[in-house]
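Q: Structure provided below as C-alpha cells; questions to follow.
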Amino acid sequence: MGRTLQNTMINLGLQNACDEAVYQLGLDMEELEEIEEDAGLGNGGLGRLAACFLDSMATLGLAAYGYGIRYEYGIFNQKIRDGWQVEEADDWLRHGNPWEKARPEYMLPVHFYGRVEHSASGAKWIDTQVVLALPYDTPVPGYMNNTVNTMRLWSARAPNDFNLRDFNVGDYIQAVLDRNLAENISRVLYPNDNFFEGKELRLKQEYFVVAATLQDIIRRFKASKFGSTDSVRTVFDSFPDQVAIQLNDTHPAMAIPELMRIFVDIEKLPWDKAWDITRRTFAYTNHTVLPEALERWPVDLVEKLLPRHLQIIYEINQRHLDHIASLFPNDVDRLRRMSLIEEGDTKRINMAHLCIVGSHAVNGVAKIHSEIVKTQVFEDFAELEPEKFQNKTNGITPRRWLLLCNPGLAELIAEKIGEDYVRDLSQLTKLHKFVDDDLFIREVAKVKQENKVKFAQYLEKEYKVKINPSSMFDVHVKRIHEYKRQLMNCLHIITMYNRIRRDPAKLFVPRTVIIGGKAAPGYHMAKMIIKLINAVAQVVNNDPMVGSKLKVIFLENYRVSLAEKVIPATDLSEQISTAGTEASGTGNMKFMLNGALTIGTMDGANVEMAEEAGEENLFIFGMRVEDVTELDKKGYNAQLYYDRLPELKQAIDQIKSGFFSPKDPNLFNDVVNMLFHHDRFKVFADYEAYVKCQEKVSELYLNAKAWTKMVIKNIAAAGKFSSDRTIKEYARDIWHVEPSDLKIPPPNEPRDAGQDKTPNGTAA
Numbered sequence: 001m002g003r004t005l006q007n008t009m010i011n012l013g014l015q016n017a018c019d020e021a022v023y024q025l026g027l028d029m030e031e032l033e034e035i036e037e038d039a040g041l042g043n044g045g046l047g048r049l050a051a052c053f054l055d056s057m058a059t060l061g062l063a064a065y066g067y068g069i070r071y072e073y074g075i076f077n078q079k080i081r082d083g084w085q086v087e088e089a090d091d092w093l094r095h096g097n098p099w100e101k102a103r104p105e106y107m108l109p110v111h112f113y114g115r116v117e118h119s120a121s122g123a124k125w126i127d128t129q130v131v132l133a134l135p136y137d138t139p140v141p142g143y144m145n146n147t148v149n150t151m152r153l154w155s156a157r158a159p160n161d162f163n164l165r166d167f168n169v170g171d172y173i174q175a176v177l178d179r180n181l182a183e184n185i186s187r188v189l190y191p192n193d194n195f196f197e198g199k200e201l202r203l204k205q206e207y208f209v210v211a212a213t214l215q216d217i218i219r220r221f222k223a224s225k226f227g228s229t230d231s232v233r234t235v236f237d238s239f240p241d242q243v244a245i246q247l248n249d250t251h252p253a254m255a256i257p258e259l260m261r262i263f264v265d266i267e268k269l270p271w272d273k274a275w276d277i278t279r280r281t282f283a284y285t286n287h288t289v290l291p292e293a294l295e296r297w298p299v300d301l302v303e304k305l306l307p308r309h310l311q312i313i314y315e316i317n318q319r320h321l322d323h324i325a326s327l328f329p330n331d332v333d334r335l336r337r338m339s340l341i342e343e344g345d346t347k348r349i350n351m352a353h354l355c356i357v358g359s360h361a362v363n364g365v366a367k368i369h370s371e372i373v374k375t376q377v378f379e380d381f382a383e384l385e386p387e388k389f390q391n392k393t394n395g396i397t398p399r400r401w402l403l404l405c406n407p408g409l410a411e412l413i414a415e416k417i418g419e420d421y422v423r424d425l426s427q428l429t430k431l432h433k434f435v436d437d438d439l440f441i442r443e444v445a446k447v448k449q450e451n452k453v454k455f456a457q458y459l460e461k462e463y464k465v466k467i468n469p470s471s472m473f474d475v476h477v478k479r480i481h482e483y484k485r486q487l488m489n490c491l492h493i494i495t496m497y498n499r500i501r502r503d504p505a506k507l508f509v510p511r512t513v514i515i516g517g518k519a520a521p522g523y524h525m526a527k528m529i530i531k532l533i534n535a536v537a538q539v540v541n542n543d544p545m546v547g548s549k550l551k552v553i554f555l556e557n558y559r560v561s562l563a564e565k566v567i568p569a570t571d572l573s574e575q576i577s578t579a580g581t582e583a584s585g586t587g588n589m590k591f592m593l594n595g596a597l598t599i600g601t602m603d604g605a606n607v608e609m610a611e612e613a614g615e616e617n618l619f620i621f622g623m624r625v626e627d628v629t630e631l632d633k634k635g636y637n638a639q640l641y642y643d644r645l646p647e648l649k650q651a652i653d654q655i656k657s658g659f660f661s662p663k664d665p666n667l668f669n670d671v672v673n674m675l676f677h678h679d680r681f682k683v684f685a686d687y688e689a690y691v692k693c694q695e696k697v698s699e700l701y702l703n704a705k706a707w708t709k710m711v712i713k714n715i716a717a718a719g720k721f722s723s724d725r726t727i728k729e730y731a732r733d734i735w736h737v738e739p740s741d742l743k744i745p746p747p748n749e750p751r752d753a754g755q756d757k758t759p760n761g762t763a764a
C-alpha cells in the first residue's frame, strides 16, 4: 500500500488546504510525509496491483472489501553492505499505525489440525487447535466521491485458554509463553516473488486469511436482507448474486474447499447445491506462468493441518475426473494432466487446477499472458470450457501514479485538457493535438528536468552520490529475478564502459543507469546479480577516463515511496524480460504515464503499450514468443553468441577474469556458469538486439525535441492502463455489478430519503 497520508488528502480534495494549514504552523508538509513508514505487506507487482484495485473500486463506487493479513513485519528492508544485499526486519508498526482501527467485536475463530469424524449427520472436524483472527480496518477513500471502502487485515491472537485447558496443569508460565506459537501466523510476510516455498507456516497463513474472511462474508450475508431464513436455516440460493470473491493468484485457493466445508458440514446443504453456489461465487486471476511459482502443496502437509479440506479436495477431484472420463473415455493421460492431485515421489495438490475447477471465470493479466494461459499452461481446461477463460489487462491508479507522484506533469496536462482525465484516463488522447505545440513540448521537457534535479538532490542527500541531471536517466527498478534480466542490462553497462575506454574522444550520450529492487533472501543467483551490479558500478564510477559520461547506481531498498520519487524522474524505462515470462508488468505503465520512453521486449503489457502508442514510439527489440519457442525446439546454445559477438565476449571475459572483483577473481563463477550452461531466460540471445536498440535510444536522446514529442505520444496513449478501466471490466464481465459515478452527499449534508437505500448489487 505504501504511504497513506498524501493519497488520503488527494482523494478527499484536501491537499492544498492541508499544505497551507501545516505551512502556517511553521511546518513543511513534505517533511511530514517523509516520516510515514510504507505499509509493505506484499512482495511486488501482485501486491501493488491489489492496492491500485482498492483505489479504483472505491473511486468507481463499488461495495468492495480488500482482505489480507496484518503482518507485524512486512517485506524486509534492504541494506547494501560492501555491494551485498543484507536484510533487516521491517518493524513498520514500531511507532503505531494511525490509519488502522482494531475491531475486536468482529474477532473470529480459525481451526487447525484435529481429525474428522463421520456419522449419519455428516462430517465433523474435531479436536482442533483454535487461533483467533482479530480484524484491523483501514479506510480506502475513493477519489472525490465521498465513498470510503474498507481494507480488513487479520491479525492472529491466541485464545486466553491457549495451552491451559489441556492437562498441562504444571507449567503455567510456559503455557503463556507458548501463545507466541499461535500468534506467529501473522508475524512475517514470506518475501518470495514468483517462487513457491512449501512451508507449513505459509500454508497456515493462507488458510488463516481464507477462513476468517469467509466467516466474515457469510456473517454479513446473513445479516443482510438477502440472507433470508426459512425457519432456522439460511437460504443461500442468492449468495452468488450478492457476493463475488476474486482470488488474487492461488494463494487464497483454500477458500474453495473452505466454502464447501461451511455449506456442506455446517449449513447442511447437499453437495451439488453447495458446489454450484461455490463455483458461481469464485473467480481466479492467474499472475504467472513460471513453473517454480505455481503452488503445489504436499498432500501429507494438508492432511496434517486441514484434514477435512483434504477430503473435500479429493471429492472435488473425483467428481471432476469422472466428468472428464465421461467426455474423453480411455484418455488416461488427459486425466493425469487435469487432476488436482499430482502423483510422484510426494503427492501434491495443484492449487491452480483447484482454482480453475472451482471458479466460474479465469483470467490472465495482459492479452499475451491470457493467450499463453489458454493455449499452453492450462490448454486442457480451456479446451473443456473455453468461455471460462478471459483477459483483464492490468492497470495502475492515476491518483497515486500521476497526481501524487508527479504534480507538475498532472497540472500541465490539466491546463491543456481539463481535470476530468483523473477519473477517465482515456481522455489523455486529447493530448495528441499538442504533439507539435512548441510551448507544450518545452513545458513537458521542463517538468521532466525539474523532476530529475529533485531526484538527483534526493540521491545526494540520502546516499551521498552526485549525478549529472542532464544525463539520460536509464532506470530498471523491479524485483531482482533472472527472468527480468537485470543481467542483460548489466552486460550493456559493461559494453558502454568498454566503448568509452576504447575511444574516449568519441561522442557519447551521458547516462546515469539506475537499477533497484529486492532479491528474495534465499535466491542465491538474484543476490549474486546485485553484487555484480555493485561491483561493476564500483569500477565504472571510479574510472577517470569515464568521468560523468556513465554512472551506475544501485538503488537501495526499492519500495512504493521510492518508486514515487524515481519514476517521474526517469527518461528510459527498462522492461526487458524474456518474451513470454512477464505476465503483465505494471511498472511499465507507471513510467509511460510519467513521461519516460520504454525499451522493452514484446512481453506482458508492453505489447499493448506498443499497440496503443504505435510500435515506432517504443524501443522494441529482441525475440518474440514464437522466436523463443523456436529456439527452445532448436536448443539454446549460449556459446554460439559468445563466439560470434566480440563485445559480449569481452564483457563476459572481464566478469570471468575478476576485472570487477580483483580481490576474488572467481566471485562471479556461478553467474558466468549459469549464463553458459543453464540460462532459461536466454540473455545472450537478445544481447545484440538490445545493444543495437540502446544505440537508437542514445541517438534520439540527442534530439531533445524529437524525444519529447515521442514522450507526449506515449502519455497520450497511456489512458488504457488506468486500473479504473481494468476494474470496470472485472465488474462487467466477472462480478456482474454496475460501477456508479454518483457522488454520495458528504456527511454534513442531509440526504434525500430516496438516496438512503443501498442500490442492489453484489459486494466484491
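Anchor point for the sequence shown: position 135 equals 135 in the UniProt record's numbering, and the numbering is continuous, going up by one each time. In this text, a Cβ means the ideal position worked out from N, Cα and C, and glycines have one as well. No experiment lies behind these values; they were computed from the predicted model shown.
1. Looking at the unbroken alpha helix (DSSP H) that takes in V539, where does it start and where does it end?
2. Throw me the rounded Cβ distance for the F49 and V140 pair, which I believe falls under 8 Å.
3. Could you check how far apart the C-beta atoms of I69 and V209 are, in whole angstroms? I think they sit under 8 Å.
4. Let me know if Q6 comes out buried or exposed under the rule of 16 or more other beta-carbons within 10 Å of its beta-carbon.
5. Does the distance from the C-beta atom of residue 846 to that of P504 stay below 8 Å?
6. Which residues mark the beginning and the end of the alpha helix (DSSP H) in which K448 is found?
7. Please report the straight-line C-alpha distance between V299 and M528, rounded to a whole angstrom.
8. For the candidate residues D679, G522 and S119, whose alpha-carbon lies nearest to that of V628?
9. Determine the burial state of P750: buried for a count of at least 16 other Cβ atoms within 10 Å of its Cβ, exposed for fewer.
10. Could you say which of F263, L335 and T288 lies nearest to V362 if we only look at CA atoms?
11. Return the residue from the list I75, A64 and Y23 that minimises the CA-CA distance to R479.
12. Taking the beta strand (DSSP E) that residue 769 falls in, what are its first and last residues?
13. Report the rounded CA-to-CA distance for P109 versus V130, giving the unit in angstroms.
14. Measuring CA to CA, which of K590, L384, M623 and G66 is closest to M581?
15. Could you check whether I576 and N594 sit closer than 8 Å to each other, using their CB atoms as the reference points?
16. With H, G and I counted as helix, E and B as strand and the rest as coil, what does DSSP make of F684?
17. Taking the CB atoms as reference points, tell me whether L555 and I515 lie closer together than 8 Å.
18. Once DSSP output is grouped into helix, strand and coil, what is the label at W735?
19. So does G344 have its beta carbon nearer than 7 Å to some heavy atom of the ligand ADP?
20. Can the beta-carbon of V607 be found less than 8 Å from the beta-carbon of A366?
21. Look at the Cβ atom of D724, then the Cβ atom of G395, and state whether they are nearer than 8 Å.
22. Going straight from the alpha carbon of V540 to that of H432, what length do you get?
23. Going by other Cβ atoms of all chains shown within 10 Å of its Cβ, with 16 needed for buried, is M545 buried or exposed?
24. Among N451, E738, Y730 and A537, which one has its Cα closest to the Cα of N248?
25. Count the other C-beta atoms from every protein chain shown that fall within 10 angstroms of the C-beta of N673, then say buried if there are 16 or more, exposed otherwise.
26. Alpha carbon to alpha carbon, how far is M260 from W275? Give it in angstroms, no decimals.
27. Take every Cβ of the segment 415-435, pair it with every Cβ of the segment 520-538, and state whether three or more of those distances are shorter than 8 Å.
28. Who are H118's beta bridge partners in DSSP?
29. Measure the C-alpha to C-alpha separation of E379 and P291 and round it to an integer number of angstroms.
30. Round the Cβ separation of A613 and A717 to the nearest angstrom and send it over; I've been treating them as touching at under 8 Å.
31. Relative to the C-alpha of T59, which candidate in R279, T375 and L425 has its C-alpha closest?
32. Would you call K212 buried or exposed, if buried means 16 or more other Cβ atoms sit within 10 Å of its Cβ?
33. To the nearest angstrom, how far is it from the Cα of residue 791 to the Cα of N534?
34. Within its chain, find whatever has a CB closer than 6 Å to the CB of V373; leave out the 5 residues flanking it on each side and keep chain order.
35. Less than 6 Å between C-beta atoms, sequence neighbours within five positions excluded: which residues of the same chain meet that for W707?
36. Cutting at 6 Å between CB atoms, please list the residues of its own chain near F389, excluding the five before and the five after it.
A: This is what the structure holds:
1. H524 to N541
2. Note that residue 49 is Leu in the sequence shown, not Phe. Incorrect: roughly 15 Å between the Cβ atoms, too far for contact.
3. 5 Å
4. buried
5. One cannot answer for residue 846 here, as it falls past the ends of the chain, which runs 1 to 764.
6. D438 to Y463
7. 34 Å
8. D679
9. exposed
10. T288
11. I75
12. Any answer about residue 769 is impossible in this case: the structure gives the chain only from 1 up to 764.
13. 6 Å
14. Correcting the residue type first, residue 581 is Thr in the shown sequence and not Met. Checking every option, the nearest Cα to that of T581 belongs to M623.
15. no
16. helix
17. yes
18. helix
19. Ligands are entirely absent from the displayed structure, and the ligand ADP is therefore not among its contents.
20. yes
21. yes
22. 40 Å
23. exposed
24. Y730
25. exposed
26. 7 Å
27. no
28. A123
29. 15 Å
30. 4 Å
31. L425
32. One point to set straight first is that residue 212 is Ala, not Lys, in the sequence displayed. Label assigned to A212: buried.
33. The question about residue 791 has no answer here: the residues shown for the chain are numbered 1 through 764.
34. N286 and G364
35. L700 and Y701
36. V362, K374 and A382
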